[in-house]
Amino acid sequence: QAQGYGTSYTSPPTSSRTIFRMSLRTSLEFPEGYGDFKLISSDGVVFHFPKFLLSYQSPVFEGMFAAGSAGAVSSDGLQLTEDSNTLECFLRYLDPKKKFVPPEINLVEPLLEASRKYDVPRITERWEEQMMTRWKGVLAETEETSRPMECLAIASRFNLDSLARVVLRELIKAPITDLKSDMTFESRMFTHLILLRANRISWFDNKVASYLNATPLVNCSSSSYHQEMHRTLMVVIREFHLEPSWKTINRHLNDWTCPCGHFKGSQELFNSWKGEIEGLEAEIPELPSRG
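When we follow this note's numbering, the leftmost residue of the sequence shown carries the number 3, and every step to the right adds one.
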């Protein structure tokens, strides 16, 4: 098995005899004749790929082939531990003739593991670059931006700090329903996210409290408007606790008016806070310490 980022290699645990006992099928993407070397996935798919390209792109494969004369690489092909979906995605990254197809989110973790295992850091770098582009200026929802916790978990696991910070920024203001994931999540990062959201919620609670304390209730002909303002602010607070963002506040921009002038109308009040919260939402948060 290939080890980490080095070039050392020991013979795979699966023998060539085991390969032939497996029901094999040929990859449609990398069929016979596409390359002069066979890679066999854990689920029995044979990929034909140029040997020189494997050596050029991966020091680990280069080391395997250098050891080939000692029996490390069989003429029947090389059995790998990656499944066919992961291996196809991995080889697409290596092959300059193939059009790049972004992996589905469930394939990202095994792909980056393969990148680490075979010492091809460019795969991880390219995925991070693509995600940074999507998260910094997404025009339409993508699979990754609709599953931010998975992106954060992957970024945290593979030490992709720039991406982790951008995704954290989005999760601070995301609906609480977005804070779910079937992926194993580092407790340190999750705790940090909850703390950042709590700080944003506290900012809004203090804004409302300061405003109400500065403008106590008065008896006048518009008292019903005053009561409506208080009721609405309580609603906005509850919603902001679930989704701490300007988007939440903006939904209530035209909820009340105040004809007597004792209080600000909802539009005047919330717009007076808009610049500050948009500034907060644009900030890239720091990551928790790794100590």
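We put the beta carbon where it would ideally sit given N, CA and C, even for glycine.
- [ ] Measure the C-alpha to C-alpha separation of Thr259 and Asn252 and round it to an integer number of angstroms.
- [x] 15 Å
TODO: Tell me whether Phe102 is buried or exposed, calling it buried when 16 or more other Cβ atoms sit within 10 Å of its Cβ.
DONE: exposed
TODO: Tell me whether Thr12 sits in a helix, a strand or coil according to DSSP, three-state version.
DONE: Note that Thr12 scores 41 on pLDDT, short of 50, meaning its location in the model is unreliable and no value can be drawn from it.
Open item on the list: Can you check which of these residues, Asn161, Lys266, Glu90 and Val169, is closest to Arg149 by C-alpha distance?
Closed with: Val169
TODO: May I ask which residues mark the beginning and end of the alpha helix (DSSP H) holding Leu198?
DONE: Ser189 to Ala216
Task: Counterpart residues of Leu41 in DSSP-defined beta bridges - done: Phe49 and Leu80
Task: Span separating the alpha-carbon of Pro1 from that of Ser247 - done: Residue 1 is absent from the model: the chain starts at 3 and stops at 293.
Open item on the list: Am I right that Val210 and Leu173 are in contact with their C-beta atoms under 8 Å? What's the rounded C-beta distance?
Closed with: Incorrect: roughly 23 Å between the Cβ atoms, too far for contact.
Task: Alpha-carbon to alpha-carbon, Glu285 and Lys266 - done: 28 Å
TODO: Please state if the CB of Ser57 and the CB of Gln81 are separated by a distance shorter than 9 Å.
DONE: no
- [ ] State the start and end residues of the unbroken alpha helix (DSSP H) segment that holds Asn108.
- [x] Ile107 to Lys119
Task: For Thr126, three-class secondary structure by DSSP - done: helix
TODO: For my contact list, Gly37 and Pro52 are in at a C-beta cut-off of 8 Å; report their separation, rounded to the angstrom.
DONE: 4 Å
Task: Range covered by the alpha helix (DSSP H) that runs through Trp348 - done: Only positions 3 to 293 of the chain appear in this structure, which leaves residue 348 out of reach.
Open item on the list: Tell me the rounded alpha-carbon separation between Gln269 and Arg202.
Closed with: 21 Å
- [ ] Give the straight-line distance between the Cα atoms of Ala142 and Pro105, rounded to the nearest whole angstrom.
- [x] Legend: pLDDT at Ala142 = 44, less than 50; position of this residue unreliable, no value from coordinates given.
Task: Residues that DSSP places opposite Arg27 in a beta bridge - done: Val47
- [ ] For Ser149, name the three-state secondary structure that DSSP assigns.
- [x] Residue identity differs from the one stated: residue 149 is Arg in this sequence, not Ser. Reduced to three states, the DSSP call for Arg149 is coil.
Open item on the list: Quick check on DSSP: helix, strand or coil for Arg136?
Closed with: helix
Task: Pairwise C-alpha distance: Asp257 and Ala116 - done: 53 Å
TODO: Go ahead and label Leu282 buried or exposed: buried means 16 or more other beta carbons lie within 10 angstroms of its beta carbon, across all protein chains shown.
DONE: buried
Open item on the list: At the level of alpha carbons, what is the spacing between Thr193 and Pro290?
Closed with: 9 Å
Open item on the list: Between which residues of its own chain and Val48 is the CB-CB distance below 6 Å, once the five residues before and five after are set aside?
Closed with: Leu26, Thr28, Lys40 and Ile42
- [ ] Kindly indicate the opening and closing residues of the alpha helix (DSSP H) around Pro104.
- [x] Neither: Pro104 is in no alpha helix (DSSP H) and is coded neither H nor E.
Open item on the list: Going by beta-carbon coordinates alone, are Arg128 and Phe160 separated by less than 9 Å?
Closed with: no
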